[in-house]
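Here's the structure we're looking at; comments come further down.
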Amino acid sequence: MLILIDAPLPAVQAERLKNLSREIRLIETLPFGGPLPRDALREAEVIYTTAADFDPADAPRLRWVQINTAAANP
Numbered sequence: 537m538l539i540l541i542d543a544p545l546p547a548v549q550a551e552r553l554k555n556l557s558r559e560i561r562l563i564e565t566l567p568f569g570g571p572l573p574r575d576a577l578r579e580a581e582v583i584y585t586t587a588a589d590f591d592p593a594d595a596p597r598l599r600w601v602q603i604n605t606a607a608a609n610p
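So the sequence shown is numbered by this note's numbering: it starts at 537 and just counts up by one.
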């Protein structure tokens, strides 16, 4: 499972995620809040993001989006 990270994630939390399963891969994109890279979107099943700046059509395997803010604008 590929988790695309576009938000600050403390190292302790990243390690906890990785320890859940050997199949979990974390990819961190920089800078945070910019458009997400299309090549990573094609593989991502989970996105942890600050802005959710992507076209869902570019993420065919996507199952879950987690935003690290209280609200998101469409």
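Ideal Cβ placement from N, Cα and C applies to all residues, glycine included.
- Contact between L577 and A588 does not hold, since the beta-carbon distance rounds to 11 Å and is not under 8 Å.
- For L562, DSSP records a beta bridge to I539.
- Distance between I560 and A607, taken at the CA atoms: about 27 Å.
- Per DSSP, the unbroken beta strand (DSSP E) holding T585 starts and ends at V582 to T585.
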